[in-house]
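Read the structure below first, then the notes.
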Amino acid sequence: MSSFPDDGPVHTALDILRGKENPFESLARPQRLDDRFLDLHVPEMLAQERDLLLQVIDRYRTEEYSGSADLLQTRVVTVLGDRGSGKTHLLQSLAYREDGKSQIIVRPKYFDRDLPFEEYVLSQLAAALTEPDDVYRSRPIDDLARPLVRRLLRQAIRSMGPTDRIFALAPGRWQRLRLLWGGGRRLDRKLVALADALAPGGGDLRHLIGRHELDIELCVRLIQGHLRRFEVGEGVLASLRRALYGAMVRAVLLEETDPLFRFLDGEYAQLAAPGIRRELAARMLHALVEVCALARQPVIIAFDNLELLFSVRSQFDGELTRSFWNVLAQAVDNTRGLLVLLFAESGLLERAAGFMDSFARDRLLQGVPLFARGPVSQLRLSPPSPAAVQDLIRNRVRRSLGPLPDVERLPTSFPFPAGFLQTDGASGQNLRNTLVRLRDAYSSVVYQRAPHAPAPPPSPADLDWNSLLQSAWDRAMEHDSTPSASHLQQMHAGLAALLEPLLPFASDGWELTAVQPTLAVGDHPTYGLVSMLRWREQRGSGTCLLGIGFLLGRARGMSVDLGAKLDFFRHPSRGDRLIVLWPPTTEGDNLVELLPAATRAVWDQSRQRSRTTLRRIELSELRILMALPEWLGQVVSLPGAPAPVEAVRAFITKRCETLLHLLTLPVLQACNDEEETKSAGSTSRRAFAHEN
Amino acid sequence: MKTESIQRTLAGNDPHGISRALQDLTPDDCTIVDRRGKPVPLSGAGYVLHFGRAYHLRIVSPFADDDLQEVCLVSAPTFLTTAPAFTDVDENGRNVHVLPMRVTSDWLSIWSLLRRFGLGIDWDELEISQRFKPGKLRDAKPFLCPVVARPHWSVLLVLALFGVLALFVQKTLDHVIDPEKGDRLDALLQSLQRWDSWALMFGGVFALWCLVNSLNLCFLYQRTRELRRNYRETYSS
């Protein structure tokens, strides 16, 4: 029953609301990133926390960049809150800023303790830059490249001598004869006019060049020459910058994006001498952060699912957590320009903090200093205040009412009775509970329906786990990223996510006993990764260390990629056998014959061919591997979680049967053969020794 | 052996400073104007200067005045004499560093004298350096600005005088060979009153002018090719 006086506008408004959906219904459901964010976002909720976080982020926005000293030291800020307090929504609201500013938000889905921080973040950042952004629908690297190329072109023209500018316009023979007397100023001014028009913030660069009746190819040549003149030296950073900027120029001016993506995917490592893997990754990371800084884009590394990161096989892993803190502490000491945001449940963080030593604690609590506030290292999401809930109610209800003439005459708490917030306990709880109460109260007041009695939480045994896991699977597979070398870490994490729940996993007389998600091999920071699988003979004592690698390098990078994988056997050999999974674009049974010539040459020259198996993997299977960490994240937050291990095992075995088949059978057969050869060999050696 | 002090540039304390390709290191504008403030012509061999004239090299620096110690020419070409730089405001209201200079040549050198009379031209590059105050931890690569110095219309005057002189010499010789021909001066004056003598003289002067100019153009063309080759080496794809 409505408790409002018998008032005309109130009744009209109630009648309108009765014909509309409950505006709190969708808010009360747990959301995840990019689900109708703008429909659900209420700026008044968590406004203070969001403002504070945006201030922290803006401290990383460099107004003027002249060198790494202008980049703030990397710092960690933790956002603490209970489950349902709006952490994920807060993270997403950072991307949808109302002031029009933007930033690069990297959201790692896994953590690998075996990788140095620079390699880990470099891979994450490269993937984030080359994939279309959920908010802007464009690839960040394209947006970053445009102002950089504009600036390069401007500097290129300005640094040219006056006669160079004349010759750049390729005067004809007669014009050159005429230029012996003079008349070059007109040509010179043509390029100078373009340089003047290249002030920051202008329109489309190609269009601008066309408007000045200049050739795009000429501009590309000028910038490349300028890079050769000014970005000199054989140092790693100079080489990386020359190649990165050159690829950006081609992407922006010639619309050839492939060289830039290939460069970010891993071709960058070809510029450096072998043996400097870590330095190369650090320099490449710096070059990318610098590009972001030049476009005033702070780089945010946001970990929003710490439960998953700290867990192995759905169990909290203390040592993994300790590694995580130490890696972050190293990042604080050794990198600049990165802001790490941790979105964590209060209970989980308390537990995880127990694994933080004093070295890490000192660094992680340094915080980001803000004007008139001091350092901010931790932020706690508090329950919404009555005023914020009041704003939420007014905002949502008025949106439902539409253009009602007497809307200003409605009571402020409409459709709820006056004093509702104080008496009904709708405020003072965490955000999701508040929204659930509002939904029920709205249903009662507007639809005059009695609220449902809260159902008792289902026991895990009663849940249809297969359906729950399937729905989590469907959601995880929604993202349709194209697998590339910048996703290699993610795929290896997916491989571990696939295999770890199955341990111990038996196949053909062998048993998989351990999985190491990533093992760094060789000198290449991107391509030099394999997963290590430890197999044991079920009946004998034989073991087999099996490396699994993905061949995803493209064009010239492919041969380098294969070479990096074969470094698995470089002395001292890291294992016994190697499977290289490759998604060829052409059909054929003999994969070696399908390899491009340069890659084939690397294969043919390798002495480890007999210990390496090249196998076809479909792109759809690679996508599954990429999505598996996300799926595990969903599984962790399912109602009734943790899911029973048996249910997860059965689900994975069924859904990933082909993948599992790919990873085991053929090579284990070879291992069997090898064990036989070894035993035969040892027998013959013994016989030989006996004869002598 | 006498010792020599060198000036070393502080490179700054940031080993990962921004790429020099992105920095404003070269002048925003560099022009040469004559005494009246009129920009000099720009040819394929550089800015065209004339012997005996004074010019101002105007530099708009991208650096703040507080950072700069001076803008100067490093080892100015021998055919230029320079004066100390000063700052001024140009017609567009920009602060400019003005380097006064004059194109001269050594009167004692025969080759310079010939050049001054129109035979031959001079060229070089102005190496413009922006020097920073101590402790500013900045440095900028010198900016190169090609110039070419060549004779002005004086060549015509010289050639005309040369023509009259040639006529005088011819009459003198005639008189020496054949003294019966009368007074030298009379003969010369008579010749100057005849149109065919003038035609001959101007024809000769014109031919010589063409020859000298052709020669100069060859030199200029050679210089232009050299600069064009440098451009291609730097900016070829």
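Going down the list, the protein sequences come from chains A and B. In this text, residue positions in the first sequence follow this note's numbering: the first is 32, and each later residue adds one. In this text, residue positions in the second sequence follow this note's numbering: the first is 150, and each later residue adds one. Where a beta carbon is used, it is the ideal one built from N, C-alpha and C, also for glycine. Predicted, not measured: the structure shown is a model, and the values here were computed from it.
Between residue i and residue j, how many whole angstroms is the CB-CB distance? I'm expecting something under 8 Å.
i, j, result
"Ser116 (chain A)", "Leu435 (chain A)", "Ser116 (chain A) to Leu435 (chain A), Cβ: 33 Å. No contact."
"Val107 (chain A)", "Leu373 (chain A)", "6 Å"
"Ala298 (chain B)", "Val252 (chain B)", "5 Å"
"Arg570 (chain A)", "Thr544 (chain A)", "With 8 Å as the limit, Arg570 (chain A) and Thr544 (chain A) do not qualify as a contact, their Cβ atoms being about 15 Å apart."
"Ala203 (chain B)", "Pro249 (chain B)", "7 Å"
"Tyr127 (chain A)", "Val73 (chain A)", "About 12 Å separates the two Cβ atoms, so there is no contact after all."
When the distance is taken between beta carbons, is residue j closer than 7 Å to residue i?
i, j, result
"Phe235 (chain B)", "Val220 (chain B)", "no"
"Val137 (chain A)", "Ala157 (chain A)", "no"
"Gln547 (chain A)", "Phe600 (chain A)", "no"
"Ser25 (chain A)", "Glu162 (chain A)", "Given a span of 32 to 723 for chain A in the structure shown, any question on residue 25 (chain A) remains unanswerable."
"Ala524 (chain A)", "Pro614 (chain A)", "no"
"Leu284 (chain A)", "Val251 (chain A)", "yes"
"Trp496 (chain A)", "Ala658 (chain A)", "no"
"Asn336 (chain A)", "Gly664 (chain A)", "yes"
"Asp183 (chain B)", "Phe228 (chain B)", "no"
"Gly213 (chain A)", "Val361 (chain B)", "no"
"Ala312 (chain A)", "Pro514 (chain A)", "no"
"Ala516 (chain A)", "Asp348 (chain A)", "no"
Does any residue of chain B have a CB that is nearer than 7 Å to the CB of residue i?
i, result
"Leu211 (chain A)", "yes"
"Ser97 (chain A)", "yes"
"Pro147 (chain A)", "no"
"Gly256 (chain A)", "yes"
"Phe142 (chain A)", "no"
"Asp219 (chain A)", "yes"
"Gly50 (chain A)", "no"
"Leu175 (chain A)", "no"
"Arg272 (chain A)", "yes"
"Arg106 (chain A)", "no"
"Leu253 (chain A)", "yes"
"Arg327 (chain A)", "no"
"Arg182 (chain A)", "yes"
So which residues of chain A does residue i contact, with C-beta pairs closer than 7 Å?
i, result
"His199 (chain B)", "None at all; the shortest Cβ gap to chain A is about 12 Å."
Could you list which residues in chain B have their beta carbon closer than 8 Å to that of residue i, in chain order?
i, result
"Ala199 (chain A)", "Tyr380, Tyr384"
"His317 (chain A)", "His165"
Taking the alpha-carbon positions, what's the residue i to residue j distance?
i, j, result
"Tyr380 (chain B)", "Pro176 (chain B)", "19 Å"
"Leu696 (chain A)", "Leu577 (chain A)", "Confidence at Leu696 (chain A) is low in this model, with a pLDDT of 49, below 50, so its placement is unreliable and no value can be given for it."
"Pro448 (chain A)", "Asp113 (chain A)", "29 Å"
"Ser416 (chain A)", "Asn426 (chain A)", "15 Å"
"Phe451 (chain A)", "Trp504 (chain A)", "41 Å"
"Ser538 (chain A)", "Cys575 (chain A)", "13 Å"
"Ala282 (chain A)", "Asp46 (chain A)", "57 Å"
"Asp620 (chain A)", "Val561 (chain A)", "24 Å"
"Leu183 (chain A)", "Leu222 (chain A)", "14 Å"
"Glu649 (chain A)", "Leu669 (chain A)", "29 Å"
"Thr714 (chain A)", "His602 (chain A)", "Per-residue confidence for Thr714 (chain A) stands at a pLDDT of 39, beneath the threshold of 50, marking its modelled position as unreliable; no derived number is given."
"Gln346 (chain A)", "Glu338 (chain A)", "9 Å"
"Gly594 (chain A)", "Phe581 (chain A)", "12 Å"
"Gly573 (chain A)", "Ser637 (chain A)", "26 Å"
"His692 (chain A)", "Met522 (chain A)", "17 Å"
Using a Cβ-Cβ cut-off of 7 Å, state whether residue i counts as contacting chain A.
i, result
"Gly284 (chain B)", "no"
"Ile167 (chain B)", "yes"
"Gly404 (chain B)", "Outside the shown range of chain B (150 to 386) lies residue 404 (chain B), about which nothing can therefore be said."
"Leu369 (chain B)", "yes"
"Leu171 (chain B)", "yes"
"Arg343 (chain B)", "no"
"Arg377 (chain B)", "yes"
"Pro295 (chain B)", "yes"
"Trp358 (chain B)", "no"
"Leu366 (chain B)", "yes"
Along chain A, which residues have their Cβ under 8 Å away from the Cβ of residue i?
i, result
"Gly242 (chain B)", "Per Cβ cutoff of 8 Å: no residues; Gly242 (chain B) is ~15 Å from chain A at best."
"Asp177 (chain B)", "Arg189"
"Tyr196 (chain B)", "Pro193"
Using the beta-carbon of each residue, which ones in chain B are nearer than 7 Å to residue i?
i, result
"Glu262 (chain A)", "Ser168, Arg169, Ala170"
"Gly215 (chain A)", "Leu191, Ser192, Gly193"
Residue i versus chain B: which residues are under 9 Å apart at the beta carbon?
i, result
"Tyr276 (chain A)", "Ser168, Ala170, Leu171"
"Arg394 (chain A)", "In chain order: nothing, as chain B lies at least about 21 Å away."
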